[in-house]
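These notes concern the structure reproduced below.
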Amino acid sequence: MQEHPSISKATVDRLPRYYRCLRQLSDEGVSIASSEELGRRLSINPEQIRKDLTAFGQFGKKGVGYYVAELKESIGGILGLDQHLSLAIVGMGHLGAALANYQGIERLGFRLAAIFDSNPVVIGTRVGERRVED
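Here it is, written out as structure tokens:
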């Protein structure tokens with residue numbers, strides 16, 4: 069996360085809540101949201117939301133609101149969510165198979181890099197674009 073020494077811990081602590089709300093709005097197909105809408109969903113004073121977001125830059129348009137996708141991307145960048153972590157799955161049992169087949173893994177900030185298992189029946193099979201290795 070970027071360093072902003074004048075930004076309060078409380079403001080930083082609210083950023084993940086803003087991000088989750090924006091992700092939900094995006095999933096619902098909402099393209100523009102006001103600070104009042106965000107405040108209603110999060111039970112946070114809209115003025116506090118505007119103050120928090122202004123601490124990190126200029127977002128939204130007065131009288132219009134915030135562009136959900138743009139603000140979500142910006143907050144995600146501040147939180148470091150724009151960096152995908154490589155994930156290796158070891159074992160293709162129930163949990164490993166569920167993770168390997170989960171379509172939303174990248175949205176959670178992970179990139180499936182490799183899959184391993186010791187079972188000869190499973191080795192060599194494919195899960196999506198990945199081949200199960202020994």
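Residue numbers (our numbering): 69 to 202. Note that the Cβ used here is the ideal one computed from N, Cα and C, for glycine as well.
Beta-carbon proximity check, residue i vs residue j, cutoff 8 Å
{"i": "Ala168", "j": "Ile183", "result": "yes"}
{"i": "Leu180", "j": "Ile173", "result": "yes"}
{"i": "Gly143", "j": "Leu83", "result": "Per the sequence shown, the amino acid found at residue 143 is Ile instead of Gly. Cβ atoms of Ile143 and Leu83: closer than 8 Å."}
{"i": "Ser94", "j": "Lys140", "result": "yes"}
{"i": "Asp68", "j": "Gly159", "result": "Past the edges of the chain, shown from 69 to 202, lies residue 68, and the structure says nothing about it."}
Cβ-based burial, residue i [other Cβ within 10 Å; buried from 16]
{"i": "Leu33", "result": "Look at the range of the chain in this structure, 69 to 202, and you will see that residue 33 is not part of it."}
{"i": "Lys130", "result": "exposed"}
{"i": "His200", "result": "Note that residue 200 is Val in the sequence shown, not His. Per the 10 Å Cβ criterion, buried."}
{"i": "Asp120", "result": "buried"}
{"i": "Gly196", "result": "exposed"}
{"i": "Gly192", "result": "exposed"}
Beta bridge counterpart(s) of residue i as assigned by DSSP
{"i": "Lys130", "result": "The partner list for Lys130 (beta bridge, DSSP) is empty, contrary to what the question assumes."}
{"i": "Ser154", "result": "Arg179"}
{"i": "Glu197", "result": "According to DSSP, Glu197 bridges with nothing at all."}
{"i": "Phe184", "result": "Val158 and Glu201"}
{"i": "Ile100", "result": "Tyr135"}
Residue i CB to nearest heavy atom of the ligand NAD below 7 Å
{"i": "Leu93", "result": "This structure lacks the ligand NAD; in fact it carries no ligand of any kind."}
*If we count Cβ pairs, one from each stretch, closer than 8 Å, do we get three or more for the region 83-92 versus the region 145-157?*
Touching, yes.
*For the region 128-137 and the region 95-102, state whether three or more C-beta atom pairs, one from each stretch, are separated by less than 8 Å.*
Taking a cut-off of 8 Å for Cβ pairs, the region 128-137 and the region 95-102 touch, as three or more such pairs fall below it.
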